[in-house]
Structures are given as structure tokens and as C-alpha cells.
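Its first residue numbered 78, the sequence shown is counted upward by one per residue in the working numbering.
Note that CB positions come from ideal geometry on N, CA and C, so glycine has one too.
Since the structure is predicted, the reported quantities are computational estimates derived from the model, not experimental observations.
What follows is a set of notes on a single structure, which appears directly below.
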Amino acid sequence: MTTPRRHHYVPRLLLRAFADPPGNSGTLFVFDKTRMKRFKSNPTDAGQQKDFNEVEPQAHSNPLAMEEFYSHLEARFSPVLVEVRQSGQIPDVPERVLVPVFVASQMYRTPRFRKWREGQHFKLLEEQWEPYTRNKA
């Protein structure tokens, strides 16, 4: 089995739903806000980055721990999404707990959030070190 390298920050199960026709081979129209460009893509190529979810060895012994977490969550959420589409309602317990977990996971798995979070980390670090750098002793 090959190691997954193309890590989706927008899950394919969502991208497939917006493709025309729906599915992996459908067409998506993508807008890259950074470059101010529009282009055609597909659910396999859109919303992904090489090794995006790879974990540093200092943080975890399994470098694919986050990618595996998202894969497992998406596999469990996919039938819930199908039921929501068909019935128009969130299913009964225990599957309904997956809805807020999946929605919340979408917020913090994007490149934009990661960049913001890194900025917050460095801001906090600077604030913590400022008293020491001003003190000549």
C-alpha cells in the first residue's frame, strides 16, 4: 500500500457533491483568492496539498496520524451526509454526534487557519519573551 501524499483540506466527499456531474470525475470551478484566478478542476485535484496533514516526528510517532484521523472521520460521516441529503433531517443518535464534529473539523484543517494559528503562536511567544529581552540582566 502506498503512503498517501495528497492530503485534502476540503474533503472529497464534499467536493464530489459540488462537481458537475456529481462524483470524482465531475468538474469543479475553483477560485483562488490569493492569485485572484478562476480555473476548472475535479474533486481529486482540488482542495488538497502534498503532505499537508503530515505530523512532525517530534509531535507524534506516526507522521500520518492526522491524515488517518480525517480519513476515519470522513468515512464515518459520509453515510450521515447521504441520509441528511435524502431525508432533509439530521439522523438520530448515535450518528448525529458526527455532524458537529465534522463541521468543527472543517474550520481548523485549512491552510488559512493553519497560517493564522502560527501567527497567534508567534505573537504569544513574543509577548512571553518581551520582559526577558528588555531586562539587561
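Taking 6 Å as the limit between beta carbons, can you name the residues of its chain near Phe116, skipping five residues before and five after?
Non-local C-beta neighbours of Phe116 in its own chain, meaning closer than 6 Å and more than five positions away in sequence, comprise Val107, ordered along the chain.
State the CB to CB distance for the pair Glu151 and Pro140, rounded to an integer number of angstroms; the pair is presumed to be in contact (CB under 8 Å).
Incorrect: roughly 19 Å between the Cβ atoms, too far for contact.
Could you give the distance in angstroms between the alpha-carbon of Gly103 and the alpha-carbon of Leu92?
Cα to Cα, Gly103 sits roughly 9 Å from Leu92.
State the CB to CB distance for the pair His84 and Glu144, rounded to an integer number of angstroms; the pair is presumed to be in contact (CB under 8 Å).
Indeed, because the Cβ distance is near 5 Å, the residues count as touching under 8 Å.
What are the start and end residues of the beta strand (DSSP E) that includes Ser118?
Per DSSP, Ser118 belongs to the beta strand (DSSP E) from 114-118.
In chain order, what residues of the same chain have a beta carbon less than 7 Å from the beta carbon of Ile167, not counting five sequence neighbours either side?
For Ile167, where only same-chain residues beyond five positions count, the Cβ hits under 7 Å are Val161, Arg173, Val176.
Report the option in Ala94, Lys127, Asp109 whose CA atom is closest to the CA atom of Arg82.
Measuring from the Cα of Arg82, the nearest candidate turns out to be Lys127.
Assigned exposure category for Pro88 - 16 Cβ within 10 Å defines buried:
Of the other Cβ atoms in all chains shown, 16 or more fall within 10 Å of the Cβ of Pro88; this residue is therefore buried.
Going along the chain, which residues of its own chain have a beta-carbon closer than 8 Å to the beta-carbon of Gly100, five neighbours each way excluded?
For Gly100, the CB contacts under 8 Å within the same chain, skipping 5 residues up- and downstream, are Arg93, Pro120 in chain order.
In or out: Leu201 buried (at least 16 other Cβ within 10 Å) or exposed?
In summary, Leu201 is exposed, with fewer than 16 beta-carbon neighbours lying within 10 Å of its beta-carbon over all protein chains present.
Are the Cβ atoms of Phe129 and Tyr86 separated by less than 8 Å?
Contact check for Phe129 against Tyr86 passes: the beta carbons are separated by less than 8 Å.
Going along the chain, which residues of its own chain have a beta-carbon closer than 7 Å to the beta-carbon of Phe95, five neighbours each way excluded?
Excluding sequence neighbours, Phe95 sits near Leu105.
Going by the CB atoms, is the gap between Phe179 and Phe199 shorter than 8 Å?
Pairing Phe199 with Phe179 gives a Cβ-Cβ distance that is not under 8 Å.
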